[in-house]
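Going by the numbering used here, the residue at position 40 of the sequence shown is 42; the numbering climbs one at a time, nothing skipped.
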Amino acid sequence: TCGTIRTQGTAMLLNMFFGVIANAANGIAMQVNGVLQQFSASITTSIRPQLVKSVGENNMQRMLTLTYAACKYPSLLLALFAIPLVIAMPYVLELWLKDVPANASIFCTLLILVMLFNQLSTGLTTAIEAIGRVKILHLIVGSMHIVSIPAAYIFFKLGFPAPTIFWCIMVEEVIAALFRVILAKKLIGLILRLYIN
């Protein structure tokens with residue numbers, strides 16, 4: 003619900019302050035983001051059953067190994083496609099759309115960076131869910147998703163440009179990732195050094 007509020011709130015704010023062209027650029031960015039997200043989510047989906055099975059067998063060492071893998075491999079796979087795409091974004095959008103809306107390139111780039119930050123801790127979410135601590139995780143991290151909307155509204159009222167909303171989302175996503183790491187350290191025994199490695 004919080005993710006949907008963030009997505010729809012972004013579209014509403016952009017439409018309210020910058021009109022339909024900014025909203026069109028946001029729609030394009032969301033399409034690019036969706037394709038990349040599906041691609042990287044396939045690895046996390048394949049690791050999830052083994053991770054849950056390890057928790058069921060009380061094999062916490064294997065669960066932690068799979069958690070590190072669920073953070074590392076989808077992030078690497080996503081970066082493999084995302085980084086070249088970010089570098090060539092204006093060219094790719096011109097090739098795809100011919101008439102590219104203003105801000106589409108920066109919106110796509112910022113959303114891809116948001117997704118990269120998110121992907122670094124997605125495996126932690128899977129592990130915390132596997133041990134049954136869903137409520138605390140989604141209460142904290144989910145509510146973080148909503149914070150970016152009022153923050154962006156304030157910035158827009160102060161006259162900041164349209165990409166500001168994605169900077170707000172990026173800051174929120176970095177903070178949410180830190181919360182996931184802190185929760186994983188407390189709840190599943192995450193070893194920070196191994197996670198960072």
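Backbone N, C-alpha and C fix where the C-beta goes; we use that ideal spot for every residue, glycine too. No experiment lies behind these values; they were computed from the predicted model shown.
I'd like the span of the alpha helix (DSSP H) that includes residue i, first residue to last.
i, result
"Phe162", "Where Phe162 is concerned, there is no enclosing alpha helix (DSSP H), given that its DSSP letter is neither H nor E."
"Pro92", "91–99"
"Gly5", "4–20"
When DSSP labels each residue in this structure, what does residue i get in the three-state scheme?
i, result
"Val183", "helix"
"Pro76", "helix"
"Leu192", "coil"
"Val102", "coil"
"Glu175", "helix"
"Asn199", "coil"
"Asn28", "helix"
"Asn120", "helix"
"Asn60", "coil"
Going straight from the alpha carbon of residue i to that of residue j, what length do you get?
i, j, result
"Ala154", "Ala24", "14 Å"
"Arg50", "Thr128", "7 Å"
"Thr166", "Gly58", "44 Å"
"Ile184", "Lys100", "45 Å"
"Ala27", "Glu174", "21 Å"
"Ile190", "Ile138", "13 Å"
"Pro103", "Met65", "45 Å"
"Val54", "Ala132", "5 Å"
"Thr67", "Leu141", "26 Å"
"Met32", "Asn61", "39 Å"
"Phe19", "Leu118", "27 Å"
"Phe181", "Leu97", "39 Å"
"Leu275", "Arg195", "Outside the shown range of the chain (3 to 199) lies residue 275, about which nothing can therefore be said."
"Ile198", "Ser150", "26 Å"
"Trp169", "Lys159", "16 Å"
Anyone know if the C-beta pair for residue i and residue j falls short of 7 Å?
i, j, result
"Leu95", "Ala81", "no"
"Leu113", "Asn35", "yes"
"Ser145", "Ala179", "no"
"His147", "Gly5", "yes"
"Pro2", "Gln39", "Residue 2 lies beyond the stretch modelled for the chain, which goes from 3 to 199, so this question has no answer here."
"Met91", "Cys73", "no"
"Ile171", "Val116", "yes"
"Leu87", "Ser42", "no"
"Ala71", "Leu126", "no"
Alpha helix (DSSP H) runs contained entirely in the stretch 125–159, provided each spans 4 or more residues: 136–159
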